[in-house]
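Structure first, then comments.
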Amino acid sequence: MYSGPIKLFHLSDIHFGLEDRDALAWVEQCIAREKPHAVAITGDLTMRARHREFAAATDWISALDVPVTVEVGNHDMPYFNLLERFTTPYKRFHKIERMVEAQLDLPDLAIVPLKTATRAQWRFPWSNGWVTPRALEETLAAIDAHPAGTRILVTAHHPLTERAPSGKRLTIDGTQAMEALAERKVAAILTGHIHDPFDLLQQTARGPLRMIGAGTLSRRIRSTPPSFNEILIDGDEIRVTARNLEHVATPDMQIREVPENAMPPRESDEPVAPVHAVPPVDPPVH
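All residue numbers in the sequence shown are consecutive under full-length UniProt numbering, ending with 286.
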């Protein structure tokens, strides 16, 4: 039995192939020392879904001595082998397949996955999210199977924001998914993809939904240094701390709204946290 608050570590966008080794060593130490009750990794384990990147990612995750659930990100779908992408897209996760989209059940708390990364879409690029009817149905069924009063956290790779202020479509059918989760009083949805952390309350037609995003543990930074979220759940209270090696305060780490995509650097008109640590270009990927 657990006593006191439940502590979760929320990691995302590790991007092996462009991973930040110092950040990963620090996270390993934090997990080994603090023993969170669980770790949720919300996608993009790799940079280009190469075999060597998956080997490094799955070895690193396998060594974490805590319960782990892993979402699939758009960067984790095979890039260069379309046959594999369409027939066996999760093949390279085989070392950690038991953790992929795994539901975690903790005392009075369940972590339920929601798939947002797809093999293909009717639009291009395929990097944005899509909550398919089947994916939403599976998630809602998993939520509804829990006893009344169970606190529910949902994990996904893409934030569910469907439209950017510019009108650009982001996550297809994200609005419908947010409304369904809000109607079920989900405590929060944990996501990645953006590379900066956030903690926002989104109003929907069926009530509010808390959206919590983790930063990156890669060298593909946007406006803030590599980070992960520490989430403390104490009764109905959820406290989020964006932890980073540079000891930047959480309010300075968190962006004010979800930007259109996760391709650094930021454009001049995107909201920027007051860290301004954006590199002029992405590190090269060979």
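Using N, Cα and C, we set each Cβ at its ideal position, and we do this for glycine too. Predicted model only: the values in this text are computed from it and were never measured.
In three-state DSSP terms, what is residue i?
i: Asn81; result: coil
i: His94; result: helix
i: Thr46; result: strand
i: residue 287; result: What the structure shows of the chain is the stretch from 1 to 286, and residue 287 is not part of that stretch, so it cannot be assessed.
i: Arg119; result: coil
i: Glu260; result: coil
i: Ser62; result: helix
i: His10; result: strand
i: Ala102; result: coil
i: Asp234; result: strand
i: Glu19; result: strand
i: Ile221; result: coil
i: Val112; result: strand
i: Thr87; result: helix
i: residue 300; result: Residue coverage of the chain in this structure runs from 1 to 286, which leaves residue 300 outside it and unanswerable.
i: Ala249; result: coil
i: Ile41; result: strand
i: Met1; result: Unreliable placement is indicated for Met1, whose pLDDT of 44 sits below 50; the coordinate value is still reported in the next sentence. It is coil, neither helix nor strand.
Could you round the C-beta distance between residue i and residue j to whole angstroms and report it? I think they count as a contact, below 8 angstroms.
i: Thr155; j: Thr46; result: Not quite, the Cβ-Cβ distance comes to about 18 angstroms (not below 8 angstroms), so this is no contact.
i: Leu160; j: Ile189; result: 7 angstroms
i: residue 331; j: Lys7; result: In this structure the chain extends from 1 to 286, so residue 331 is not present and cannot be described.
i: Ala40; j: His10; result: 5 angstroms
i: Gly73; j: His157; result: 4 angstroms
i: Phe228; j: Gly215; result: 7 angstroms
i: Ala49; j: His15; result: No, Ala49 and His15 are not in contact; Cβ-Cβ is about 11 angstroms, not under 8 angstroms.
i: Gly192; j: Asp44; result: 6 angstroms
When the Cα atoms are used, what is the spatial distance from residue i to residue j?
i: Gln103; j: Glu71; result: 11 angstroms
i: Gly207; j: Pro5; result: 26 angstroms
i: Asp252; j: Leu83; result: 43 angstroms
i: Ile61; j: Ile96; result: 8 angstroms
i: residue 288; j: Ala187; result: Coverage of the chain is limited to positions 1 through 286, which leaves residue 288 absent and any answer about it impossible.
i: Thr204; j: Glu179; result: 6 angstroms
i: Ile143; j: Val68; result: 19 angstroms
i: residue 296; j: Tyr90; result: There is no way to answer for residue 296, as the model of the chain reaches only from 1 to 286.
i: Val66; j: Cys30; result: 12 angstroms
i: Arg163; j: Arg184; result: 22 angstroms
i: Phe93; j: Ala56; result: 11 angstroms
i: Val100; j: Arg222; result: 27 angstroms
i: Thr139; j: Thr116; result: 11 angstroms
i: Arg239; j: Gly17; result: 32 angstroms
i: Asp86; j: Asp234; result: The sequence given here places Phe at residue 86; Asp does not occur at that position. Roughly 42 angstroms separates the two Cα atoms.
i: Glu34; j: Ser218; result: 22 angstroms
Kindly indicate if chain C contains any beta-carbon less than 8 angstroms away from that of residue i.
i: Glu138; result: Included in the structure is just one protein chain, with no chain C present.
What residue ranges within the stretch 131-219 form continuous alpha helix (DSSP H) runs of no fewer than 4 residues, ordered along the chain?
As far as the stretch 131-219 is concerned, its whole alpha helix (DSSP H) runs of at least 4 residues are 133-144, 174-183.
Taking three-plus beta-carbon pairs below 8 angstroms as touching, is the stretch 162-175 in contact with the stretch 111-128?
Result yes; three or more Cβ-Cβ pairs closer than 8 angstroms.
Should the stretch 98-116 be called in touch with the stretch 138-158, which here means at least 3 C-beta pairs below 8 angstroms?
These segments touch.
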